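Have a look at the structure below, then the notes.
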Amino acid sequence: MNDSQPSPISRTLTSETTDVAVAGAGIVGLAFALALSEGGSSIAVIAPHAKSKTVNAAATEPLETRVYALSPATRRFLEDLRIWHQLDAGRIGVATDMRVFGRDGTWSELHFGAYQSGAQALAFMVGHNALVGALKSALGFQKNVRFVRGTVTGLEVSTDGVVVHGDGFGLKAKLAVGADGIDSAVREAAGITSKEKSLGATGFVANFAIELPHHDCAYQWFSDEGIIALLPLPGRRVSLVWSAPEALAADLANRSPVEFASRLAPYAGKALGTLSPVSEVSSFALRRLSVGHWVKPGVALVGDAAHVIHPLAGQGLNLGLDDARVLAEILSARGPQRSLGELRLLRSFERRRKEAVMTMATATDALNLLFGRPSGMLAPLAGLGMAALNRMPPLKNQLIGHALQNAAFGF
Ligand SMILES: Cc1cc2nc3c(=O)[nH]c(=O)nc-3n(C[C@H](O)[C@H](O)[C@H](O)COP(=O)(O)OP(=O)(O)OC[C@H]3O[C@@H](n4cnc5c(N)ncnc54)[C@H](O)[C@@H]3O)c2cc1C
């Protein structure tokens, strides 16, 4: 539990004003700023590194390892923002099928197909830098958006707005939006309490070339070695997301990409043939976070600042982008009498998003508990559950439909 007292404020000049100050230029913060900018509000995006990145990497550059599985709903949002078509289609992976496996011999296989649910695809795999670059380029054309280089260190909330303090700047705004990730300084400074726990696992990501075509199928294995997903990238390439329990993670941390490839062979070999590394391996400590309130007068949280869930279902960014979409929509549709930082307005955002996020977080926790490390009494239940689910197309289709509506499915 974090301290509920506002953190100390660094005193700086507060001569600059803006309608909305967005802390954090991650994908969620940038997408929110772009979505809101259409309405004409002045927006300041505060980021430690405010420089733009190139939109599209050269075709010869290797695909980046920080890859997100984005849902069709997220794609529609990015299309509305005119971002999707800025991305290099040749560097986007598509998953039209997904195969999920349990422990050898004890679980059956679960198969999800987009076409049987009337959808074009289950998910699209897009690189982090490609998304950030496209969003920053688009924001460069918005005259009402500017970037402030710096790090937020404190907030001062009063009846006529909020002053956002940082290293070397002070900014007066009607609304401060915390899009500053899991360790959100805005959340801390606003005195919004959070509950956090380690998931006792580390996430490893890397890209591999494969011997056999993946046919746009994503694979996921729930095993004693954690949860392993291989997501289809363009051509004969896959992106690995391996959530490994701590004891194994300590060992994997010292392994080379080639050793990772041979560790994956028992899982992927049959379907994908030999794996050869085409990138380094990166790792992320997996944490889970929830907050009691997402908003206070003059303050709102979006993305990982408000919620962090297990990556096994590949939902975190999809949920964060939906926060960005809904908050921008509510603020843009407010009447002329209503202030951007008005609590009732912000509460309507919280109400619209909180339940969807809680549902997804609970479902993900349940999947992790039931299928992620089933032991003792839960093991037969998990096997039964997966086998039964596979034999119930209406239920399975319902699950896919829900996931396609709300976020990416699987991973
Ligand atoms: C292994 C792994 C795999 C994942 N795979 C998927 C997936 O396939 N699909 C999916 O939807 N999600 C996935 N996720 C979740 C996803 O990575 C996050 O939900 C998403 O990146 C959150 O974006 P954000 O913009 O909210 O936060 P961040 O990406 O953390 O961005 C926060 C930004 O704020 C800046 N910042 C921090 N502090 C300050 C400050 N004080 N002042 C100013 N700026 C600040 C940071 O520099 C950063 O740029 C995965 C997560 C993990 C760990």
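Basically the numbering used here = 1-based index in the sequence shown + 754. Beta carbons: idealized from backbone N, C-alpha and C, even for Gly. All figures in this text were calculated on a predicted structure; none of them were measured in a lab.
> In chain order, which continuous runs of the alpha helix (DSSP H) of length 4 or greater are located wholly inside the segment 829-859?
Replying inline: none
> From which residue to which residue does the alpha helix (DSSP H) around Thr905 run?
Replying inline: Your numbering for residue 905 matches position 151 in the sequence shown. Run containing Thr905: none; DSSP gives neither H nor E here.
> Any idea if Glu1109 is buried or exposed, counting beta-carbon neighbours within 10 angstroms, 16 or more meaning buried?
Replying inline: Numbered from 1 along the sequence shown, position 355 holds the residue referred to as residue 1109. Glu1109 should be labelled exposed.
>> Among the candidates Ala1022, Val1053, Ala1019, whose CA atom is the shortest distance from the CA of Ser912?
In response: Numbered from 1 along the sequence shown, position 158 holds the residue referred to as residue 912. Per the Cα distances, Val1053.
>> To the nearest angstrom, how far is the alpha carbon of Gly980 from that of Leu1002?
In response: As a working note, residue 980 is residue 226 in the sequence shown. As a working note, residue 1002 is residue 248 in the sequence shown. The straight-line gap from Cα to Cα measures roughly 9 Å.
> What number of angstroms, rounded off, separates the C-alpha of Glu792 from the C-alpha of Phe831?
Replying inline: The residue you call residue 792 lines up with position 38 of the sequence shown. The residue you call residue 831 lines up with position 77 of the sequence shown. C-alpha separation (whole angstroms): 14 Å.
> Comparing alpha-carbon positions, which option in Ala849, Thr814, Ser938, His882 lies nearest Ile800?
Replying inline: Translated into positions along the sequence shown, residue 800 becomes position 46. It is Ser938.
> By DSSP, does Arg1107 sit in helix, in strand, or in coil?
Replying inline: Translated into the one-based positions of the sequence shown, residue 1107 becomes position 353. Three-state result, Arg1107: helix.
> Leu1085 to Thr905, Cα distance in whole Å?
Replying inline: By one-based count along the sequence shown, residue 1085 stands at place 331. By one-based count along the sequence shown, residue 905 stands at place 151. Cα to Cα, the separation comes out at about 25 Å.
>> Cutting at 7 Å between CB atoms, please list the residues of its own chain near Arg941, excluding the five before and the five after it.
In response: For the purposes of this step, residue 941 is taken as the residue at position 187 of the sequence shown. These residues qualify, in order along the chain: Gly932, Ser948, Val1045, Leu1055, Ala1059.
> Does at least one heavy atom of ligand 1 sit under 7 Å from the Cβ of Gln1069?
Replying inline: Here residue 1069 refers to the residue found at position 315 of the sequence shown. The answer is yes for Gln1069.
> Looking at Gly778 and Asn898, is the spacing between their C-beta atoms short of 8 Å?
Replying inline: One-based indexing of the sequence shown puts residue 898 at position 144. One-based indexing of the sequence shown puts residue 778 at position 24. Their beta carbons are not under 8 Å apart, which means Asn898 does not touch Gly778 by this criterion.
> Just checking my contact of Pro816 with Ala875 at CB under 8 Å: how many whole Å lie between their CB atoms?
Replying inline: Mapped onto the sequence shown, residue 816 falls at position 62. Mapped onto the sequence shown, residue 875 falls at position 121. Wrong, their Cβ atoms sit about 24 Å apart, outside the cutoff.
> What are the boundary residues of the beta strand (DSSP E) that Asn961 is part of?
Replying inline: For this step, residue 961 is matched to residue 207 along the sequence shown. Its beta strand (DSSP E) spans residues 948-964.
> In this structure, does DSSP put Asp970 in helix, strand or coil?
Replying inline: Taking the sequence shown and counting its residues from 1, one reaches residue 970 at position 216. Three-state result, Asp970: coil.
>> Using 8 Å for Cβ pairs, my map puts Ala798 next to Thr772. What's the rounded Cβ distance?
In response: For the purposes of this step, residue 798 is taken as the residue at position 44 of the sequence shown. For the purposes of this step, residue 772 is taken as the residue at position 18 of the sequence shown. The pair is a contact, with the Cβ atoms about 4 Å apart (cut-off 8 Å).
>> Taking the straight line between their C-alpha atoms, what separation do you get for Thr1116 and Arg1042?
In response: Counting from 1 along the sequence shown, the entry for residue 1116 is found at position 362. Counting from 1 along the sequence shown, the entry for residue 1042 is found at position 288. Whole-angstrom Cα-Cα distance: 11 Å.
>> Check this for me: beta carbons of Gly1095 and Gly1074, under 8 Å apart or not?
In response: Taking the first residue of the sequence shown as 1, we reach residue 1095 at position 341. Taking the first residue of the sequence shown as 1, we reach residue 1074 at position 320. No, they are not a contact pair.
> What is the DSSP secondary structure of His1064, reduced to helix, strand or coil?
Replying inline: Position 310 of the sequence shown holds residue 1064. Reduced to three states, the DSSP call for His1064 is coil.
> With a CB to CB cut of under 7 Å and the five nearest residues on each side skipped, what residues in its chain are close to Phe786?
Replying inline: Start at 1 with the first residue of the sequence shown, and residue 786 comes out as number 32. If we look at Phe786 and ignore the five residues flanking it on each side, its Cβ neighbours are Val776, Val931, Ala933, Val1056, Ala1078, Leu1081, Ala1082.
> Which residue comes first and which comes last in the beta strand (DSSP E) that contains Arg1079?
Replying inline: Sequence index remark: in the sequence shown, residue 1079 carries index 325 (1-based). Where Arg1079 is concerned, there is no enclosing beta strand (DSSP E), although the alpha helix (DSSP H) it sits in stretches over 1070-1086.
>> Report the CB separation of Ala868 from Thr850 in whole angstroms; it is logged as a contact under 8 Å.
In response: Numbered from 1 along the sequence shown, position 114 holds the residue referred to as residue 868. Numbered from 1 along the sequence shown, position 96 holds the residue referred to as residue 850. Contact flag correct, Cβ pair sits at about 5 Å.
> CB of Leu1040 to nearest heavy atom of ligand 1: below 7 Å?
Replying inline: As a working note, residue 1040 is residue 286 in the sequence shown. Result yes, Cβ under 7 Å from ligand 1.
> How would you call Pro1065, buried or exposed, if buried means at least 16 neighbouring beta carbons within 10 angstroms?
Replying inline: Here the question's residue 1065 lines up with position 311 in the sequence shown. With 16 or more Cβ atoms within 10 Å of its Cβ, Pro1065 is classed as buried.
>> Output needed for Val1177: all residues of its chain with C-beta closer than 7 Å, excluding positions within five of it in sequence on either side, in chain order.
In response: This structure cannot settle anything about residue 1177, because the visible part of the chain is limited to 755 through 1165.
> Nearest-angstrom Cα distance between Arg1101 and Phe901?
Replying inline: As a working note, residue 1101 is residue 347 in the sequence shown. As a working note, residue 901 is residue 147 in the sequence shown. Roughly 27 Å between the two C-alpha positions.
>> If you reduce the DSSP assignment to three classes, tell me which class Ile936 lands in.
In response: For this step, residue 936 is matched to residue 182 along the sequence shown. Of the three classes helix, strand and coil, the one that applies to Ile936 here is coil, per DSSP.
>> Within a Cβ cutoff of 7 Å, which residues of the same chain sit near Arg1092, ignoring the five residues on either side of it in sequence?
In response: Stepping through the sequence shown from its first residue, residue 1092 is reached at position 338. These residues qualify, in order along the chain: Leu1099.
> Going by beta carbon distance, what residues of the same chain come within less than 7 Å of Arg1088, once the five residues before and after it are set aside?
Replying inline: Counting from 1 along the sequence shown, the entry for residue 1088 is found at position 334. Closer than 7 Å at Cβ, skipping near neighbours: Leu1099.
> Is Val1035 helix, strand or coil when you go by DSSP?
Replying inline: The residue you call residue 1035 lines up with position 281 of the sequence shown. In the structure shown, Val1035 sits in coil (DSSP, three-state: anything other than H, G, I, E or B).
> For Thr1113, is the classification buried or exposed, using 16 other Cβ atoms within 10 angstroms of its Cβ as the cut-off for buried?
Replying inline: Taking the sequence shown and counting its residues from 1, one reaches residue 1113 at position 359. Thr1113 comes out exposed.
> Any chance the CB of Tyr1021 is under 7 Å from a heavy atom of ligand 1?
Replying inline: For the purposes of this step, residue 1021 is identified with residue 267 of the sequence shown, where counting begins at 1. Checking the Cβ of Tyr1021 against ligand 1 gives no.
> Does the Cβ of Thr772 lie closer than 7 Å to at least one heavy atom of ligand 1?
Replying inline: Within the sequence shown, residue 772 is the residue found at index 18, counting from 1. Incorrect: Thr772 has no Cβ contact closer than 7 Å to ligand 1.
>> Quick check on the DSSP output: the beta strand (DSSP E) that includes Pro1020 runs from which residue to which?
In response: For this step, residue 1020 is matched to residue 266 along the sequence shown. That residue, Pro1020, is in no beta strand (DSSP E); its alpha helix (DSSP H) goes 1011-1026.
> Looking at Gly957 and Ser1037, is the spacing between their C-beta atoms short of 8 Å?
Replying inline: In the sequence shown, the residue the question calls residue 1037 occupies position 283. In the sequence shown, the residue the question calls residue 957 occupies position 203. For Ser1037 and Gly957, yes; Cβs fall inside 8 Å.
> Do you know whose CA, among Ala955, Trp996, Lys951, lies nearest Tyr973's CA?
Replying inline: Here residue 973 is taken as the residue at index 219 of the sequence shown, counted from 1. The option with the nearest alpha carbon to Tyr973 is Trp996.
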